[in-house]
Amino acid sequence: MSTTHFGFQSVDEQDKARRVRGVFDSVAPKYDVMNDLMSMGLHRAWKAYTVLVANVKEGQQVLDIAGGTGDLALAFAPKVGASGRVVHTDINEAMLREGRNRLLDAGVSLPTLVCDAEHLPFPDAHFDLVTVAFGLRNMTHKEDALREMNRVLKPGGKLLVLEFSKVAKPLEKVYDWYSFKVLPRIGKLVANDDASYQYLAESIRMHPDQQELKAMMLKGGFGHVDYHNMTGGVAALHVGIKC
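150 is the number of the first residue of the sequence shown in the working numbering; add one for each residue after it.
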């Protein structure tokens with residue numbers, strides 16, 4: 150039996166996807182509210198910076214993986230224009246439904262698809278840009294997912310991975326206190342779910358740090374990889390170019 154981590158627990162690889170799905174089924178209705186509370190609104194600035202770095206042009210093809218409630222898809226849609234396309238995907242149907250409804254409420258209709266990032270149902274060299282925001286850490290086989298993202302990108306295409314990362318040393322103690330003492334309590338009060346937010350805090354600690362993720366992306370086929378720390382490393386944006 151192959152095992153992997155689910156937060157700080159060791160679980161059967163076959164069981165991780167089910168457990169992660171359960172977490173996001175639970176948090177989906179309050180996901181946007183909780184994001185604002187957890188990050189004190191900073192996630193909006195991190196995503197705005199991601200959109201800036203993406204530099205999407207009219208007519209381009211964009212794939213948003215783990216697109217959830219649709220923040221990035223909504224930002225990219227007007228930039229690609231009528232001649233381009235943004236595909237909004239997530240492995241979790243509940244999250245995707247929240248995102249689709251939010252997009253429709255904003256007057257935006259996009260292709261919306263439940264799919265697994267480790268087995269993308271798209272042809273080779275199809276997209277100009279692939280994005281994954283706060284989703285990579287929940288994937289069982291991150292290396293497989295990164296190779297798939299590389300496969301579906303056109304030569305010269307760009308992958309943007311926005312994810313929680315390793316904070317600067319001076320912030321570690323206060324960040325740990327907030328993550329393990331405050332965050333689950335907010336989850337309990339707002340979403341009546343402390344366990345899911347305990348998992349989210351643990352999953353961040355188990356995710357590769359900035360240098361390790363950069364090495365994984367290079368191994369996954371990207372010719373050039375760089376990263377940008379934000380808010381002292383609480384989040385990092387990794388940029389990979391397919392050469």
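From the three backbone atoms N, C-alpha and C, an ideal C-beta is built for every residue, glycine too. Bear in mind the structure is a predicted one, so any value in this text is a computation, not a measurement.
Same chain, Cβ closer than 8 Å to residue i, neighbours up to 5 away in sequence not counted
i: Val229; result: Val205, Lys206, Glu207, Gly208, Gln209, Gln210, Val211 and Val235
Best match in the options for proximity to residue i [C-alpha to C-alpha]
i: Ala197; options: Leu309, Asn250 and Asp277; result: Leu309
i: Leu370; options: Lys165, Arg296, Ile240 and Pro270; result: The sequence given here places Gly at residue 370; Leu does not occur at that position. Closest by alpha carbon: Arg296.
i: Asn184; options: Ile390, Val323 and Ala282; result: Ala282
i: Asp121; options: Gly217, Ser188 and Ala194; result: Because the chain is modelled from 150 through 392, residue 121 falls outside the range shown and cannot be assessed.
i: Glu162; options: Arg170, Arg168 and Thr152; result: Thr152
i: Val339; options: Lys179, Gly306 and Asn287; result: Lys179
i: Ser379; options: Ala215, Pro270, Gly306 and Thr199; result: Looking at the sequence shown, residue 379 is not Ser but Met. Met379 has its Cα closest to that of Thr199, out of Ala215, Pro270, Gly306 and Thr199.
Exposure label - residue i; buried when at least 16 CB within 10 Å
i: Val263; result: exposed
i: Met355; result: exposed
i: Arg249; result: buried
i: Ser345; result: buried
i: Leu386; result: buried
Chain-order list of residues whose beta-carbon lies under 6 Å from that of residue i (same chain, five-residue window excluded)
i: Ile240; result: Asp265
i: Lys337; result: Asp343
Beta-ladder partner(s) of residue i, from DSSP
i: His237; result: Asp213 and Thr261
i: Gly389; result: Leu308 and Val374
i: Met187; result: Answer by DSSP bridge pairing: none, since Met187 is not bridged.
i: Met288; result: According to DSSP, which records beta bridges pairwise, Met288 is partnered with nothing at all.
Sub-8 Å separation of residue i and residue j beta-carbons
i: His373; j: Ile390; result: yes
i: Leu320; j: Gly381; result: yes
i: Ala222; j: Leu278; result: no
i: Glu292; j: Lys368; result: yes
i: Gln359; j: Ser314; result: yes
i: Tyr324; j: Val316; result: yes
i: Arg334; j: Asp342; result: no
i: Met288; j: Glu267; result: yes
i: Gly284; j: Arg251; result: no
Close beta carbons around residue i, own chain, < 7 Å, minus the five adjacent residues each side
i: Pro357; result: Met365
i: Arg300; result: Asp273
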